[in-house]
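Residue 47 in numbering that gives the first Met the number 0 sits at position 48 of the sequence shown; the count goes up by one each step and never skips. Ideal placement from N, C-alpha and C gives every residue a C-beta, glycine not left out.
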Amino acid sequence: MQASEEINRGREIAENICSVCHGVNGQANTAGNSVLVPHLTAQNEQYLIEKLKHYKDKTLEHHQMSLIADMLTLEDIKNVSKWYSSIKVTVQEIE
Ligand code: HEC
């Protein structure tokens, strides 16, 4: 599969499943949700894959993320991780 195709599939997963809590662009929608929802924007791809695998295999247990990860195939995990990690951000240094 082409990288761009993987990103598009990942975006679809983000829109359909993750966006309620994490936003399509990975900026968490904390209003009305838990303040503990982390931003995912531009996070390292391997980090996202590892975390999602851990929620899925129950190395990590969380009442929301474990259920979500259960719904994802390994391919979904890779695609959605590619999507969130591909979003670019500019960091402004603090003087
Ligand atoms: C119902 C709300 C909700 C949905 C939907 C949801 N998440 Fe989460 N997610 C959370 C919360 C809350 C945490 C923090 C969990 C914790 O504290 O361990 C989290 C944590 C994560 C983490 C770990 C981040 C870190 O830095 O430790 C990843 C990765 C993640 N979510 C990805 C996803 C993906 C991908 C989807 C869609 C397939 C998704 N989440 C859908 C609520 C949600």
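Boundaries of the alpha helix (DSSP H) around E49: E44 to D56. Taking the C-beta atoms as reference points, G9 is found nearer than 7 Å to V79. Judged by their CB atoms, K81 and E4 are not nearer to each other than the 7 Å cut-off. The alpha carbon of L35 has as its nearest neighbour, out of K87, V90, A68 and H21, the alpha carbon of H21.
Annotation for I86: N24, G25, T40 and A41 place their beta carbon closer than 8 Å to its own, counting only its chain and skipping 5 residues before and after.
Take H53, set aside five residues on each side of it, and the residues of its chain with a beta-carbon closer than 6 Å to its own are L59, in chain order.
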